[in-house]
Amino acid sequence: MVEPILKWAGGKRQLLSEITAQFPVAFDRYHEPFIGGGAVFFHLEPDAGSLNDLNDRLTTLYEVIRDRDPEVLIEENRSHEHSEEYYYDARDEFNELHAVADKTDQQRLREASLFVYLNRTCFNGLYRENSSGEFNVPVGRYANPDWVQADRIRALHEVLQDTTIHNEDFEYVREAATAGDLVYFDPPYEPVSTTANFNDYHAEGFGKDDQKRLRDLAVDLDEAGVSVVLSNSPPVAELYEEYDQFEVNVVQATRAINSDADNRGEVAEVLITNVPVDEQRRTTLSSFE
Ligand SMILES: C[S@@+](CC[C@H](N)C(=O)[O-])C[C@H]1O[C@@H](n2cnc3c(N)ncnc32)[C@H](O)[C@@H]1O
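For the sequence shown, position 119 (counting from the first letter as 1) is numbered 134 according to my numbering, and the numbering increases by one without interruption.
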């Protein structure tokens with residue numbers, strides 16, 4: 016089990032056991048179209064499959080970890096410094112690099128390394144872009160942040176060897192997944208209140224129409240013999256009501272309920288799946304108890 020390298024809003028570390036309990040005992044390849052910090056993917060350590068995110072800084076980081084010698088990235092990470100001035104210079108460099116069209120391998124490595132550094136030293140580990148797509152989170156206050164992440168980078172390098180990495184809309188998985196595969200969807204959530212701000216991952220948002228597109232895709236994948244597990248906020252459950260092939264379960268999680276990280280509370284989440292109960296891991300596990 017590998018721990019995530021990045022802090023990421025909506026990270027699923029607390030719900031790992033509930034989510035993976037719904038996974039089928041056996042499946043071929045594993046796909047995660049909204050990878051974010053990748054808590055579930057890294058926990059599972061799948062042998063083969065795909066991951067995807069619309070955020071190209073994220074997918075560049077995962078490609079660099081997969082394709083480069085991990086010691087080279089770790090060495091680059093060690094070169095950063097712990098000061099406010101360095102942070103803002105690093106943020107400028109990160110945004111300038113992002114604007115470069117055809118990056119060299121060295122520029123991609125540098126962008127990946129800056130991302131880990133900024134994520135580990137920025138305010139609350141937030142990821143936020145302004146309307147021009149520039150990362151704009153201010154510096155955080157940490158006594159001893161670990162922006163090197165050496166062990167996790169080495170472990171993840173091994174896990175990613177047979178993983179295809181995509182940087183596009185989640186619908187790519189319609190082609191990527193075939194019968195017998197498992198897809199876990201963790202999309203940006205519908206806001207549960209007017210102050211909730213879950214759509215800040217990317218300059219473009221994720222609205223009701225996207226949730227419907229996702230539901231239609233889940234229905235098509237089910238018909239194609241693909242196992243589907245999806246986490247979401249409760250209002251989305253109604254989109255699945257008329258589809259008997261999907262089971263909806265409500266679970267409780269503690270997490271930040273708006274952009275103020277101190278404002279934490281118990282929030283209901285829904286887990287939606289087409290995996291029959293007697294094929295889920297939880298059933299097999301409890302039968303051994
Ligand atoms: C809830 S987060 C995933 C959190 C992740 N499960 C974790 O544990 O860290 C949702 C992710 O979806 C990405 N995203 C937003 N719209 C997308 C789209 N249309 N297609 C693919 N990814 C998208 C965001 O960039 C974000 O990283």
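We put the CB at the ideal spot given by N, CA and C, even for glycine.
Requested in this report: Return the chain-ordered ranges of every alpha helix (DSSP H) run that is complete within the segment 216-244 and spans a minimum of 4 residues.
Outcome: Counting whole runs of 4 or more residues, the segment 216-244 contains the alpha helix (DSSP H) stretches 223-238.
**Report entry** Any non-hydrogen atom of ligand 1 within 8 Å of D224 CB
**Finding:** Position 209 of the sequence shown holds residue 224. Checking every heavy atom of ligand 1 against the Cβ of D224, none is found closer than 8 Å.
Query raised in the report: Which residues in the same chain as C137 place their Cβ atom closer than 6 Å to its Cβ, once the five residues preceding and following it in sequence are excluded?
Result: If you number the sequence shown from 1, residue 137 lands on position 122. Within the same chain, C137 has close Cβ partners V152, G155.
Query raised in the report: Residues in its own chain within less than 6 Å of F130 by CB, not counting five upstream and five downstream?
Result: Indexing the sequence shown from 1 puts residue 130 at position 115. Excluding sequence neighbours, F130 sits near R72, L76.
Query raised in the report: What are the partner residues of G64, as DSSP defines its beta bridges?
Result: Locating residue 64 in the sequence shown gives position 49, counting from the first residue. DSSP lists Y45, T178 as partners of G64.
Query raised in the report: How long is the line joining the alpha carbons of T119 and P19, rounded to whole angstroms?
Result: Position 104 of the sequence shown holds residue 119. Position 4 of the sequence shown holds residue 19. Near 26 Å, if we compare the C-alpha coordinates of P19 and T119.
Requested in this report: Would you list the residues sitting across from S318 in a DSSP beta bridge?
Outcome: Residue 318 is absent from the model: the chain starts at 16 and stops at 304.
Query raised in the report: A170 to I287, Cα distance in whole Å?
Result: Locating residue 170 in the sequence shown gives position 155, where the first residue counts as 1. Locating residue 287 in the sequence shown gives position 272, where the first residue counts as 1. Approximately 30 Å between the Cα atoms of the pair.
Report task. Look at the alpha carbon of L254 and the alpha carbon of F221, and state the distance between them as a whole number of angstroms. Result -> Along the sequence shown, one-based indexing puts residue 254 at 239. Along the sequence shown, one-based indexing puts residue 221 at 206. Roughly 15 Å between the two C-alpha positions.
Requested in this report: Say yes only if the C-beta of E183 is nearer than 8 Å to one or more non-hydrogen atoms of ligand 1, and no if none qualify.
Outcome: As a first step, residue 183 must be located in the sequence shown, where it is residue number 168. Result yes, Cβ under 8 Å from ligand 1.
Report task. Take N247 as the anchor and find which of L236, L229, K22 has the nearest alpha-carbon. Result -> Counting from 1 along the sequence shown, the entry for residue 247 is found at position 232. Cα-wise, what sits closest to N247 is L229.
Query - Range of the contiguous beta strand (DSSP E) that encloses L197 - result: Sequence index remark: in the sequence shown, residue 197 carries index 182 (1-based). Run containing L197: 197-200, per the beta strand (DSSP E) assignment.
**Report entry** Distance, N134 Cα to T269 Cα
**Finding:** Counting from one through the sequence shown, the residue named residue 269 turns up at place 254. Counting from one through the sequence shown, the residue named residue 134 turns up at place 119. Cα to Cα, the separation comes out at about 22 Å.
Query - Identity of the residue in V266, V292, V290 nearest E281 by Cα - result: Start at 1 with the first residue of the sequence shown, and residue 281 comes out as number 266. For E281, the nearest C-alpha among the options comes from V266.
Requested in this report: Hey, could you find the ends of the alpha helix (DSSP H) S147 is sitting in?
Outcome: Position 132 of the sequence shown holds residue 147. Here S147 belongs to no alpha helix (DSSP H), and DSSP marks it neither H nor E.
Query - Status (buried if at least 16 other CB within 10 Å, exposed otherwise) for E257 - result: Against the sequence shown, residue 257 aligns to sequence position 242. Label assigned to E257: exposed.
Query raised in the report: Within 10 angstroms of its Cβ, does T193 collect 16 or more other Cβ (buried), or is it exposed?
Result: Position 178 of the sequence shown, counted from the first residue, corresponds to residue 193. Per the 10 Å Cβ criterion, exposed.
**Report entry** beta-carbon P249 near ligand 1 non-hydrogen atom, thresh 8 Å
**Finding:** Within the sequence shown, numbered from 1, the residue matching residue 249 stands at position 234. Checking every heavy atom of ligand 1 against the Cβ of P249, none is found closer than 8 Å.
**Report entry** Cβ neighbours of R297 in the same chain (closer than 6 Å, five flanking residues each side left out)
**Finding:** The count along the sequence shown starts at 1 and reaches residue 297 at position 282. Excluding positions up to five away in sequence, the list reads A36.
Query - Same chain only: Cβ atoms within 8 Å of V244, ignoring 5 sequence neighbours per side - result: Within the sequence shown, residue 244 is the residue found at index 229, counting from 1. If we look at V244 and ignore the five residues flanking it on each side, its Cβ neighbours are I34, Q37, F38, L197, V198, Y199, F200, L286, I287, T288, V290.
Requested in this report: Measure from the alpha carbon of D177 to the alpha carbon of each residue in V55, E126, G240, R81, then state which is nearest.
Outcome: Locating residue 177 in the sequence shown gives position 162, counting from the first residue. Of V55, E126, G240, R81, the residue nearest in Cα terms is R81.
**Report entry** contact_flag[the segment 50-58, the segment 85-95] where n(CB pairs < 8 Å) is 3 or more
**Finding:** no
Query raised in the report: Among the residues of its own chain, which have a CB less than 7 Å from the CB of S147, if the five just before and after it don't count?
Result: Taking the first residue of the sequence shown as position 1, residue 147 is located at position 132. No residues qualify anywhere along the chain.
Query raised in the report: What does a CB cutoff of less than 7 Å around D62 pick up in its chain, not counting 5 residues either side in sequence?
Result: Numbered from its first residue, the sequence shown carries residue 62 at position 47. Once the five neighbours on either side are set aside, the close Cβ partners of D62 are D177.
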